[in-house]
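Each step along the sequence shown adds one to the number in this note's numbering, with nothing skipped, and position 58 is 746.
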Amino acid sequence: MDEFILFVQQNIHIAPYAIFGLLLLAGFNLPVSEDLMLFISATLAAKYPEQLIPLFIGVYLGVYGSDVICFYMGRIFGPHIFKIKFFAKMMNPQKVEWFKTNIEKYGIVALIVGRFIPFGVRNGIFLTSGITGVKPIKFCIYDLIAATISTSVFFTAYYFIGPPMIEYIKKFNLIIFIIFIFTLFIYLIVRKRQKRRA
(Lines of atoms letter the chains of each structure in order from A; the text may use other names.)
(Lines give C-alpha, C1' and ligand atoms only; values in the text may rest on other atoms or scores of the structure.)
Protein backbone atom coordinates (compact mmCIF):
# COMPACT_ATOMS: atom_id res chain seq x y z
CA MET A 689 0.00 0.00 0.00
CA ASP A 690 2.98 2.32 0.57
CA GLU A 691 3.81 1.93 -3.13
CA PHE A 692 0.25 2.92 -4.04
CA ILE A 693 0.40 6.03 -1.84
CA LEU A 694 3.71 7.03 -3.43
CA PHE A 695 2.28 6.38 -6.89
CA VAL A 696 -0.81 8.58 -6.42
CA GLN A 697 1.29 11.35 -4.87
CA GLN A 698 3.56 11.34 -7.91
CA ASN A 699 0.60 11.10 -10.30
CA ILE A 700 -1.98 13.21 -8.50
CA HIS A 701 -4.00 13.83 -11.68
CA ILE A 702 -4.93 10.14 -11.92
CA ALA A 703 -5.29 9.55 -8.17
CA PRO A 704 -9.13 9.80 -8.22
CA TYR A 705 -9.32 7.12 -10.93
CA ALA A 706 -6.84 4.83 -9.15
CA ILE A 707 -8.74 5.10 -5.85
CA PHE A 708 -12.06 4.55 -7.64
CA GLY A 709 -10.69 1.42 -9.34
CA LEU A 710 -9.28 -0.07 -6.15
CA LEU A 711 -12.55 0.46 -4.31
CA LEU A 712 -14.46 -1.38 -7.04
CA LEU A 713 -12.20 -4.38 -6.39
CA ALA A 714 -13.33 -4.26 -2.75
CA GLY A 715 -16.82 -5.06 -4.03
CA PHE A 716 -15.51 -8.51 -4.98
CA ASN A 717 -14.39 -8.94 -1.36
CA LEU A 718 -10.74 -8.31 -2.17
CA PRO A 719 -8.73 -6.86 0.75
CA VAL A 720 -8.98 -3.17 -0.11
CA SER A 721 -9.68 -0.97 2.92
CA GLU A 722 -12.45 1.54 2.34
CA ASP A 723 -11.31 3.50 5.39
CA LEU A 724 -7.75 3.69 4.06
CA MET A 725 -8.93 4.89 0.64
CA LEU A 726 -10.97 7.62 2.33
CA PHE A 727 -7.96 8.63 4.41
CA ILE A 728 -5.64 8.73 1.37
CA SER A 729 -8.18 10.74 -0.66
CA ALA A 730 -8.76 13.29 2.10
CA THR A 731 -5.08 13.78 2.94
CA LEU A 732 -4.24 14.19 -0.75
CA ALA A 733 -7.08 16.71 -1.08
CA ALA A 734 -5.65 18.68 1.86
CA LYS A 735 -2.23 18.68 0.21
CA TYR A 736 -3.51 19.38 -3.32
CA PRO A 737 -6.62 21.59 -2.89
CA GLU A 738 -7.19 21.77 -6.64
CA GLN A 739 -7.91 18.02 -6.56
CA LEU A 740 -10.45 18.21 -3.71
CA ILE A 741 -13.58 17.69 -5.81
CA PRO A 742 -12.15 14.99 -8.15
CA LEU A 743 -10.76 13.06 -5.16
CA PHE A 744 -14.05 13.20 -3.26
CA ILE A 745 -16.05 12.17 -6.32
CA GLY A 746 -13.61 9.32 -7.03
CA VAL A 747 -13.74 7.88 -3.53
CA TYR A 748 -17.50 8.45 -3.21
CA LEU A 749 -18.35 6.69 -6.47
CA GLY A 750 -15.87 3.93 -5.63
CA VAL A 751 -17.50 3.32 -2.25
CA TYR A 752 -20.99 3.27 -3.75
CA GLY A 753 -19.98 1.20 -6.78
CA SER A 754 -18.30 -1.34 -4.52
CA ASP A 755 -21.52 -1.76 -2.52
CA VAL A 756 -23.60 -2.26 -5.67
CA ILE A 757 -21.17 -4.87 -7.03
CA CYS A 758 -21.35 -6.79 -3.74
CA PHE A 759 -25.16 -6.59 -3.73
CA TYR A 760 -25.46 -7.96 -7.26
CA MET A 761 -23.03 -10.77 -6.53
CA GLY A 762 -25.41 -11.87 -3.78
CA ARG A 763 -28.44 -11.39 -6.03
CA ILE A 764 -26.97 -13.31 -8.98
CA PHE A 765 -25.29 -16.21 -7.16
CA GLY A 766 -27.58 -16.42 -4.13
CA PRO A 767 -26.64 -18.66 -1.18
CA HIS A 768 -24.41 -20.71 -3.51
CA ILE A 769 -21.78 -17.99 -3.22
CA PHE A 770 -20.93 -19.26 0.26
CA LYS A 771 -19.91 -22.62 -1.22
CA ILE A 772 -16.87 -20.76 -2.53
CA LYS A 773 -14.19 -20.97 0.15
CA PHE A 774 -13.23 -17.33 -0.40
CA PHE A 775 -16.72 -16.19 0.69
CA ALA A 776 -17.54 -19.06 3.07
CA LYS A 777 -15.11 -17.65 5.65
CA MET A 778 -17.01 -14.40 5.65
CA MET A 779 -20.54 -15.60 6.44
CA ASN A 780 -22.52 -18.48 7.91
CA PRO A 781 -26.28 -19.26 7.88
CA GLN A 782 -26.79 -17.69 11.32
CA LYS A 783 -25.21 -14.40 10.24
CA VAL A 784 -27.22 -14.38 7.00
CA GLU A 785 -30.44 -14.87 9.00
CA TRP A 786 -29.45 -12.11 11.43
CA PHE A 787 -28.64 -9.67 8.64
CA LYS A 788 -31.87 -10.55 6.84
CA THR A 789 -33.96 -9.96 9.97
CA ASN A 790 -32.39 -6.56 10.62
CA ILE A 791 -32.52 -5.40 7.00
CA GLU A 792 -36.22 -6.30 6.80
CA LYS A 793 -36.95 -4.71 10.18
CA TYR A 794 -34.86 -1.54 10.04
CA GLY A 795 -34.29 -0.97 6.30
CA ILE A 796 -32.17 2.09 5.64
CA VAL A 797 -31.12 2.35 9.30
CA ALA A 798 -29.53 -1.12 9.10
CA LEU A 799 -27.56 -0.09 6.01
CA ILE A 800 -26.40 3.19 7.55
CA VAL A 801 -25.29 1.53 10.79
CA GLY A 802 -23.77 -1.35 8.82
CA ARG A 803 -21.55 1.01 6.89
CA PHE A 804 -19.83 1.98 10.14
CA ILE A 805 -19.12 -1.63 11.15
CA PRO A 806 -15.63 -2.74 10.02
CA PHE A 807 -13.90 -6.12 9.57
CA GLY A 808 -15.91 -7.38 6.59
CA VAL A 809 -19.35 -6.79 8.11
CA ARG A 810 -20.19 -4.15 5.48
CA ASN A 811 -19.81 -6.57 2.58
CA GLY A 812 -21.74 -9.18 4.54
CA ILE A 813 -24.71 -6.83 4.75
CA PHE A 814 -24.57 -6.02 1.04
CA LEU A 815 -24.24 -9.68 0.00
CA THR A 816 -27.13 -10.65 2.27
CA SER A 817 -29.27 -7.85 0.84
CA GLY A 818 -28.80 -9.37 -2.61
CA ILE A 819 -29.25 -12.97 -1.47
CA THR A 820 -32.44 -12.32 0.49
CA GLY A 821 -34.18 -10.55 -2.38
CA VAL A 822 -34.06 -6.90 -1.39
CA LYS A 823 -35.31 -4.98 -4.43
CA PRO A 824 -32.37 -3.44 -6.39
CA ILE A 825 -33.96 0.02 -6.58
CA LYS A 826 -34.63 -0.04 -2.84
CA PHE A 827 -31.08 -1.13 -2.04
CA CYS A 828 -29.53 1.42 -4.41
CA ILE A 829 -31.52 4.31 -2.92
CA TYR A 830 -30.93 3.24 0.69
CA ASP A 831 -27.24 2.62 0.14
CA LEU A 832 -26.83 5.87 -1.77
CA ILE A 833 -28.04 7.72 1.32
CA ALA A 834 -25.92 5.56 3.66
CA ALA A 835 -22.79 5.93 1.50
CA THR A 836 -23.30 9.69 1.22
CA ILE A 837 -23.46 10.03 5.01
CA SER A 838 -20.48 7.79 5.85
CA THR A 839 -18.24 9.02 3.01
CA SER A 840 -18.93 12.69 3.78
CA VAL A 841 -18.35 12.22 7.52
CA PHE A 842 -15.07 10.30 7.20
CA PHE A 843 -13.69 12.36 4.29
CA THR A 844 -14.38 15.62 6.12
CA ALA A 845 -12.87 14.31 9.37
CA TYR A 846 -9.72 13.08 7.65
CA TYR A 847 -9.46 16.28 5.59
CA PHE A 848 -9.53 18.66 8.55
CA ILE A 849 -7.88 16.56 11.27
CA GLY A 850 -5.54 14.34 9.25
CA PRO A 851 -3.53 11.38 10.66
CA PRO A 852 -4.60 11.88 14.33
CA MET A 853 -8.14 11.07 13.20
CA ILE A 854 -7.09 7.49 12.39
CA GLU A 855 -6.85 6.55 16.06
CA TYR A 856 -10.28 8.03 16.79
CA ILE A 857 -11.78 6.13 13.85
CA LYS A 858 -10.11 2.87 14.96
CA LYS A 859 -11.56 3.23 18.46
CA PHE A 860 -14.97 4.15 17.06
CA ASN A 861 -14.92 1.15 14.69
CA LEU A 862 -13.87 -1.17 17.51
CA ILE A 863 -16.73 0.01 19.74
CA ILE A 864 -19.24 -0.43 16.91
CA PHE A 865 -17.84 -3.90 16.15
CA ILE A 866 -18.08 -4.98 19.81
CA ILE A 867 -21.70 -3.79 19.94
CA PHE A 868 -22.38 -5.72 16.72
CA ILE A 869 -20.85 -8.95 18.10
CA PHE A 870 -22.76 -8.59 21.37
CA THR A 871 -26.05 -8.00 19.52
CA LEU A 872 -25.44 -10.97 17.23
CA PHE A 873 -24.61 -13.16 20.24
CA ILE A 874 -27.85 -12.20 22.01
CA TYR A 875 -29.83 -12.79 18.80
CA LEU A 876 -28.39 -16.29 18.37
CA ILE A 877 -29.18 -17.20 21.98
CA VAL A 878 -32.78 -15.98 21.64
CA ARG A 879 -33.22 -17.88 18.35
CA LYS A 880 -31.84 -21.06 19.88
CA ARG A 881 -34.25 -20.85 22.82
CA GLN A 882 -37.19 -20.17 20.51
CA LYS A 883 -36.35 -23.28 18.45
CA ARG A 884 -36.18 -25.41 21.60
CA ARG A 885 -39.61 -24.22 22.70
CA ALA A 886 -41.14 -24.77 19.25
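Glycine included, every Cβ here is placed at the ideal spot set by N, Cα and C.
Name the two residues that bound the continuous alpha helix (DSSP H) containing residue i.
| i | result |
| --- | --- |
| LEU726 | 722 to 735 |
| GLY818 | 809 to 819 |
| GLU738 | It is not in any alpha helix (DSSP H) - GLU738 carries neither H nor E in the DSSP assignment. |
| VAL696 | 690 to 698 |
| LEU718 | First-last for LEU718: undefined, no H or E at that position. |
| GLY802 | 796 to 803 |
| ILE837 | 824 to 849 |
Near residue i, which residues of its chain fall below 6 Å by C-beta distance, leaving aside the five closest residues on each side in sequence?
| i | result |
| --- | --- |
| ASN717 | ASN811 |
| GLY762 | LEU815, GLY818, ILE819 |
| ALA706 | VAL696 |
| PRO704 | PRO742, LEU743, GLY746 |
| VAL784 | THR816 |
| ASP831 | ASP755, LEU799 |
| THR839 | TYR748, VAL751 |
| VAL720 | LEU710, LEU713, ALA714 |
| PHE775 | ILE769 |
| LYS793 | none |
Any idea if residue i is buried or exposed, counting beta-carbon neighbours within 10 angstroms, 16 or more meaning buried?
| i | result |
| --- | --- |
| THR871 | exposed |
| ASN790 | buried |
| GLY726 | For clarity, residue 726 is Leu in the given sequence; the question names Gly instead. By the 10 Å Cβ count, LEU726 comes out buried. |
| LEU862 | exposed |
| ASP690 | exposed |
| ASP821 | This sequence places Gly at residue 821; Asp is not what is there. GLY821 is exposed by the Cβ-count criterion. |
| PHE873 | exposed |
| VAL797 | exposed |
| VAL809 | buried |
| ILE813 | buried |
| ILE877 | exposed |
| ILE764 | exposed |
Are residue i and residue j close, meaning C-beta to C-beta below 8 Å?
| i | j | result |
| --- | --- | --- |
| ALA733 | TYR847 | yes |
| ARG652 | ALA834 | Limits of the chain in this structure are 689 at one end and 886 at the other, which puts residue 652 out of reach. |
| ALA714 | GLU722 | yes |
| PHE708 | LEU749 | yes |
| ILE700 | GLN739 | yes |
| LEU712 | GLY753 | yes |
| PHE827 | PHE759 | yes |
For residue i, which residues in the same chain have their Cβ closer than 7 Å to its Cβ, ignoring the five residues on either side in sequence?
| i | result |
| --- | --- |
| GLY795 | TYR830 |
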